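Quick note, the sequence shown lines up with residues 4 to 172 if you use my numbering. For every residue, glycine included, the Cβ atom is placed at its ideal position computed from N, Cα and C. Owing to the predicted nature of the structure, the values given are computational and were not obtained by experimental measurement.
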Amino acid sequence: MIEVYKYYSKCNQEINAQLLKIIEEHEPNIFDYQVEGYYKSIGEILNHYYVADLIWLHSFKTVKEFSVYKHPIMEKIPEYGEQLFLNITELKENRMKLDEIIVELTNEIETEDLYKTVTRITGSGEKLEKIFWKTLLHVFNHQTHHRGQISQILDKLKIENDYSNMIRH
């Protein structure tokens with residue numbers, strides 16, 4: 004089962020890199036391109052799942068003290084909704100670092116870790132307690148969900164974006 008998480012982390016890393024390259028190639032307009040929906044731009048979507056990933060990674064401390072917590076990027080826990088990056092350059096640099104940290108974390112997971120409980124307090128104060136293996140799947144699928152939203156926006160803009168096929172990775 005651990006191999007699945009290693010595979011997901013590498014795929015997400017490569018797919019995020021491909022997506023960000025597409026956006027970067029079409030700047031300065033599409034990062035802030037306004038859309039209807041909960042998130043009002045590609046930049047907001049990218050910021051959201053970056054922030055969510057950081058928050059979840061911090062909650063994994065309740066499973067074990069992974070070595071990834073030594074990275075400077077892990078020092079501050081952002082708030083949900085916090086806009087950390089105003090342009091693709093800043094976001095890409097940090098996303099690539101975060102994806103490397105996620106790969107590193109999955110390489111440290113041991114089978115017994117998968118059955119431990121992740122505890123997290125949500126922004127609304129709700130206490131979540133979930134099995135680690137389910138939480139990991141959620142984190143990876145959350146990225147996939149939001150990349151799908153971005154793909155739909157790119158389709159609307161007639162920008163080729165066949166970046167998300169996991170079988171190619």
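For T122, the uninterrupted beta strand (DSSP E) run begins and ends at T120 to I124, by DSSP. Between V121 and S44, the C-beta spacing is not below 8 Å.
In this model, L49 and M77 are separated by some 18 Å (Cα to Cα). Taken in chain order, the unbroken stretches of alpha helix (DSSP H) that lie wholly in the region 66-152 and span 4 residues or more are 91-111.
A Cβ-Cβ separation of about 6 Å places V38 in contact with I156 under the 8 Å criterion.
Secondary structure of S12 (DSSP, three-state): helix. Only residues of its own chain outside the window of five on either side were considered, and among them N164 have a CB closer than 6 Å to the CB of S154, listed in chain order.
Three or more Cβ pairs drawn from the region 100-107 and the region 75-91 lie within less than 8 Å of each other, which places the two stretches in contact. Nearest to Y83 by C-alpha distance, out of N15, G126 and H29, is G126. Across the structure, Q86 and T114 are spaced so that their CA atoms are roughly 35 Å apart. Taking all protein chains shown into account, K130 has fewer than 16 neighbouring C-beta atoms within 10 Å of its C-beta and is therefore exposed. In the structure shown, S154 adopts helical secondary structure according to DSSP, grouped into three states. Only buried fits G46, as 16 or more other CB atoms lie within 10 angstroms of its CB. Non-local C-beta neighbours of H29 in its own chain, meaning closer than 7 Å and more than five positions away in sequence, comprise I162, ordered along the chain.
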